[in-house]
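Student: Residues in the sequence shown are numbered consecutively from 1, following the UniProt record's numbering. For every residue, glycine included, the Cβ atom is placed at its ideal position computed from N, Cα and C.
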Amino acid sequence: MASLTDHLSDLVEDADAALLFSPTSSFHDRFVDDGGGDDPDVVVVAPDNDVDAEVFVELPLPFDNVKDRIRFGIEGAMDADLVAEGDAVVCIASVFDGGSDAVVRVTADETIHTGIYDLFVNSRAEPSVIRDVFEVAIELGKKGQKGKPVGALFVVGDAGKVMNKSRPLSYNPFEKSHVHVGDPIVNVMLKEFSRLDGAFVVSDSGKIVSAYRYLEPGAEGVDIPKGLGARHMAGGAITRDTNATAIVLSESDGLVRAFKAGELVLEIDPEEY
Ligand SMILES: Nc1ncnc2c1ncn2[C@@H]1O[C@H](COP(=O)(O)OP(=O)(O)OP(=O)(O)O)[C@@H](O)[C@H]1O
Ligand SMILES: [Mn+2]
1 MASLTDHLSD LVEDADAALL FSPTSSFHDR FVDDGGGDDP DVVVVAPDND
51 VDAEVFVELP LPFDNVKDRI RFGIEGAMDA DLVAEGDAVV CIASVFDGGS
101 DAVVRVTADE TIHTGIYDLF VNSRAEPSVI RDVFEVAIEL GKKGQKGKPV
151 GALFVVGDAG KVMNKSRPLS YNPFEKSHVH VGDPIVNVML KEFSRLDGAF
201 VVSDSGKIVS AYRYLEPGAE GVDIPKGLGA RHMAGGAITR DTNATAIVLS
251 ESDGLVRAFK AGELVLEIDP EEY
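#1: What beta strand (DSSP E) runs, 3 residues minimum, are completely inside the segment 205 to 248?
#2: Does DSSP put His180 in a helix, a strand or coil?
#3: With the cut-off set at 8 Å, would you say Gly157 and Thr24 are in Cβ contact?
#4: Around the C-beta of Pro40, are 16 or more other C-beta atoms found within 10 angstroms, so that it is buried, or is it exposed?
#5: With DSSP as the reference, label Ala53 as helix, strand or coil.
#6: Taking contact to mean 3 or more Cβ pairs, one atom from each stretch, closer than 8 Å, check whether the segment 215 to 224 and the segment 132 to 143 are in contact.
#7: Going by the C-beta, is Ser252 closer than 7 Å to any heavy atom of ligand 2?
#8: Can you round the beta-carbon distance between Ile116 and Leu266 to whole angstroms, since I take them to be within the 8 Å contact cut?
#9: How many angstroms separate the CA atom of Val133 from the CA atom of Ala237?
#10: Would you mind reading off the limits of the alpha helix (DSSP H) that contains Ser128?
#11: Report yes if the CB atom of Leu249 is closer than 8 Å to the CB atom of Tyr212, and no otherwise.
#12: Could you compute how far the alpha carbon of Asp6 sits from the alpha carbon of Val42?
#13: Once DSSP output is grouped into helix, strand and coil, what is the label at Ser166?
#14: Quick one, are the C-beta atoms of Asn243 and Ser210 less than 8 Å apart?
#15: Would you mind stating whether Ser45 and Leu19 have Cβ atoms separated by less than 8 Å?
#16: Please report the straight-line C-alpha distance between Pro225 and Glu263, rounded to a whole angstrom.
#17: Can you find a heavy atom of ligand 1 that lies under 7 Å from the Cβ of Leu153?
#18: Return yes when at least one heavy atom of ligand 2 lies under 7 Å from the C-beta of Gly227, else no.
#19: Which residues bound the alpha helix (DSSP H) around Ile116?
Listed below in structure tokens is the structure:
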């Protein structure tokens, strides 16, 4: 009878690339030391390049959802021409806390592609700003506002143009302040103000430009999924008229969605983060 190793060797056979997600140094070194001619290319995907990997894709969020983590890594590797369309990619990741404990074989093709990498890396706003706004939206989605579900709309990047395509619903509490997303006090303020109508406008560098903005983009040709209402339509449409990214928390279904260039590019469930 064949051993488990024989059965499972299919999983790694003829792989074009191996993606190591946040490997320990010793785990990574084993791969590099063995690197013979026929071995797959090794790409490290992690928050920081602690292991001094030659080929590295930066992970801006931990992505507890392993599918999102893998998608991000593969899309990043494709963007850097480390992985090509149709390649067999073996991903080695940690699913539970601790070391690398899972092997996932994926073909790098259309079905894997969600735009998650593009969203973080190629948005006009800095990736850390996108990440910080996502974190506020995810936390709001998890906890709600005093236990009740709450919705929110953040328009991130290209703030000057966004301001030109919107108008105030009320006085702007951020008028003369110079505060940035990611600052803990600001996150408390954002959560507090999310009870109120309209959108938050955030600059490329993360400065909160305004709250209570009513967005007035042209909505022709914006194709958002059926069932989503005015908040999502406005969020989607503003990203077609400007180079902003919209991050929207839905009060009705609790999901966080991102829009770029008028299209839905990412949908995540805060409960999975
Ligand atoms: N053009 C707009 N600009 C800014 N905010 C808007 C705009 N349209 C709607 N909103 C905000 O979205 C809120 C919810 O509107 P609506 O229920 O139609 O949106 P939705 O897409 O169904 O979102 P949800 O899933 O959170 O209900 C409104 O109370 C308002 O605060
Ligand atoms: Mn609604």
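Tutor: Considering the structure as presented:
#1: Those beta strand (DSSP E) runs which fall completely within the segment 205 to 248 and span 3+ residues are 208 to 215.
#2: strand
#3: no
#4: Buried, by the Cβ-count rule.
#5: coil
#6: no
#7: yes
#8: 5 Å
#9: 19 Å
#10: Pro127 to Lys143
#11: Taking 8 Å as the Cβ cut-off, Leu249 and Tyr212 do not qualify as a contacting pair.
#12: 23 Å
#13: strand
#14: No, the Cβ-Cβ distance between Asn243 and Ser210 is not below 8 Å.
#15: Correcting the residue identity first, residue 45 is Val in this sequence and not Ser. Yes, the pair counts as a contact, with Cβ atoms nearer than the cut-off.
#16: Distance between the alpha carbons of Pro225 and Glu263 is about 9 Å.
#17: Yes, the beta carbon of Leu153 sits closer than 7 Å to at least one heavy atom of ligand 1.
#18: no
#19: Here the alpha helix (DSSP H) through Ile116 covers Ile116 to Val121.
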